[in-house]
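K.L.:
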Amino acid sequence: MSGVRRSRDQRGSWSSRGRGVRLAGVRTSWHTVDDGDFFCPGCGGDRSYRRRAGRRRFVLLGVPLLSRGAVAPVLECAACQGHFGTEALGHPTTYRLASLLRDAVHAIALTVLAAGGCESRTARQTAVDTVRSAGFTECTEDQLLTLLAALSAERGRGDSVSAEIELHEALAPLAPHLAPAGREGLLLHGARIALADGQYQAAERAALAAVGRSLRIDDEDVDRLLAQAHTPS
Ligand SMILES: [Zn+2]
Numbered sequence: 547m548s549g550v551r552r553s554r555d556q557r558g559s560w561s562s563r564g565r566g567v568r569l570a571g572v573r574t575s576w577h578t579v580d581d582g583d584f585f586c587p588g589c590g591g592d593r594s595y596r597r598r599a600g601r602r603r604f605v606l607l608g609v610p611l612l613s614r615g616a617v618a619p620v621l622e623c624a625a626c627q628g629h630f631g632t633e634a635l636g637h638p639t640t641y642r643l644a645s646l647l648r649d650a651v652h653a654i655a656l657t658v659l660a661a662g663g664c665e666s667r668t669a670r671q672t673a674v675d676t677v678r679s680a681g682f683t684e685c686t687e688d689q690l691l692t693l694l695a696a697l698s699a700e701r702g703r704g705d706s707v708s709a710e711i712e713l714h715e716a717l718a719p720l721a722p723h724l725a726p727a728g729r730e731g732l733l734l735h736g737a738r739i740a741l742a743d744g745q746y747q748a749a750e751r752a753a754l755a756a757v758g759r760s761l762r763i764d765d766e767d768v769d770r771l772l773a774q775a776h777t778p779s
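First residue of the sequence shown? That's 547 in my numbering, and the numbers climb one at a time after it.
1. With DSSP collapsed to three states, give me the class of Ile763.
2. Compute the Euclidean distance between the alpha carbons of Ala775 and Glu622, then round it to the nearest angstrom.
3. Return yes when the Cβ of Gly631 is within less than 8 Å of the Cβ of Cys586, no when it is not.
4. Assuming contact is defined by CB atoms lying nearer than 8 Å, are Ala737 and Leu771 in contact in what I supplied?
5. With C-beta atoms as the reference, is Leu635 less than 8 Å away from Phe604?
6. I want to know whether the segment 719–736 touches the segment 683–690 - three or more CB-CB distances under 8 Å.
7. Measure the C-alpha to C-alpha separation of Leu713 and Val757 and round it to an integer number of angstroms.
8. Could you have a look at Asp743 and say whether DSSP puts it in helix, strand or coil?
9. Cα-Cα, which of Pro719, Gln745 and Ala742 is closest to Arg759?
10. I'd like to confirm something about Gly582: is its beta-carbon nearer than 7 Å to some heavy atom of ligand 1, or not?
11. To which residues does DSSP link Cys623 through a beta bridge?
12. Where do the N-terminal and C-terminal ends of the beta strand (DSSP E) with His629 fall, by residue?
13. If you reduce the DSSP assignment to three classes, tell me which class Ala776 lands in.
14. Just checking Arg597 against ligand 1 - is the residue's beta carbon closer than 7 Å to any of the ligand's heavy atoms?
15. Answer yes if the segment 604–618 comes into contact with the segment 648–666, meaning at least three C-beta pairs across the two stretches below 8 Å, and no otherwise.
16. Between Glu715 and the rest of its own chain, which residues show a CB-CB distance below 6 Å, the 5 nearest in sequence each way excluded?
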């Protein structure tokens, strides 16, 4: 549907004789270009939006005259009717953020297990528990092991570059939207999986360092967090 709504801005001029009759002004006609869901910065939640494009026209006595050009497209919130710049789409919806978080924990668990601990029942169980509490409640040990086998067959042994690229693809879209404590919490999940079968192995440390890089955590903070993970919270 392409509804057209008009709004008047405040630049209309008024009769000098004080009769209060609007003679002239600039009117914006809006039409809907597309729609979708976004996180509304006005009312603060996942909402539907309509992307609206507008044209400004000079109006005299209610008659549209000269075009004053296009106005920048806006997103109109279905709930609060507020208008926002299209940059609001850069902020993920809560739903999307939750799904990114689940995927991130899943990717971290697989990366750490692939680096070592796969043969340890405690490590596997810690990984399953971590993935489940992140939201994949149906996750089983068999599923993780099947995925690991598929991943290692795909990557070939020792192909740590493509493994890090895949990890980065899962974590990088999330990193800008998390507070430092949220990013550090993700790394700690990985650290606890690595520690479930004993001290960090070199490959596990390398995997966790890669997690830290993708989450934009400084090297020294990664070291601090890996030491901290030894202490039960
Ligand atoms: Zn809103």
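Here a beta-carbon is modelled for each residue, glycine too, at the ideal position from N, C-alpha and C.
P.N.:
Taking the structure as given:
1. Position 217 of the sequence shown holds residue 763. Annotated three-state conformation of Ile763 is coil, per DSSP.
2. Here residue 775 is taken as the residue at index 229 of the sequence shown, counted from 1. Here residue 622 is taken as the residue at index 76 of the sequence shown, counted from 1. A direct Cα-Cα distance of roughly 45 Å separates Ala775 from Glu622.
3. Residue 586 sits at position 40 when you count from the first residue of the sequence shown. Residue 631 sits at position 85 when you count from the first residue of the sequence shown. Not closer than 8 Å, so no.
4. For the purposes of this step, residue 737 is taken as residue 191 along the sequence shown, with counting starting at 1. For the purposes of this step, residue 771 is taken as residue 225 along the sequence shown, with counting starting at 1. Contact check for Ala737 against Leu771 passes: the beta carbons are separated by less than 8 Å.
5. Along the sequence shown, read from residue 1 onward, the residue named residue 635 stands at position 89. Along the sequence shown, read from residue 1 onward, the residue named residue 604 stands at position 58. Result no, Cβ atoms of Leu635 and Phe604 do not sit closer than 8 Å.
6. Output reads no: the segment 683–690 does not touch the segment 719–736.
7. Position 167 of the sequence shown, counted from the first residue, corresponds to residue 713. Position 211 of the sequence shown, counted from the first residue, corresponds to residue 757. Roughly 7 Å separates the two Cα atoms.
8. Your numbering for residue 743 matches position 197 in the sequence shown. In the structure shown, Asp743 sits in coil (DSSP, three-state: anything other than H, G, I, E or B).
9. Here residue 759 refers to the residue found at position 213 when the sequence shown is read from its first residue. Of the candidates Pro719, Gln745 and Ala742, the one whose C-alpha sits nearest the C-alpha of Arg759 is Pro719.
10. Along the sequence shown, one-based indexing puts residue 582 at 36. For Gly582, the CB stays at least 7 Å from every heavy atom of ligand 1.
11. On the sequence shown, position 77 is the one that residue 623 refers to. According to DSSP, residue pairing for Cys623 in a beta bridge involves Tyr595.
12. In the sequence shown, counting from the first residue as 1, residue 629 sits at position 83. Its beta strand (DSSP E) spans residues His629 to Gly631.
13. To locate residue 776, count along the sequence shown from 1; it is residue 230. A small correction: the amino acid at residue 776 is His; Ala does not occupy that position in the sequence shown. In the structure shown, His776 sits in coil (DSSP, three-state: anything other than H, G, I, E or B).
14. On the sequence shown, position 51 is the one that residue 597 refers to. For Arg597, the Cβ stays outside the 7 Å cut-off from all heavy atoms of ligand 1.
15. No, because fewer than three Cβ pairs between the segment 648–666 and the segment 604–618 fall closer than 8 Å, the two stretches do not touch.
16. Residue mapping note: residue 715 aligns to position 169 of the sequence shown, counting from 1. Hits under 6 Å: none found.
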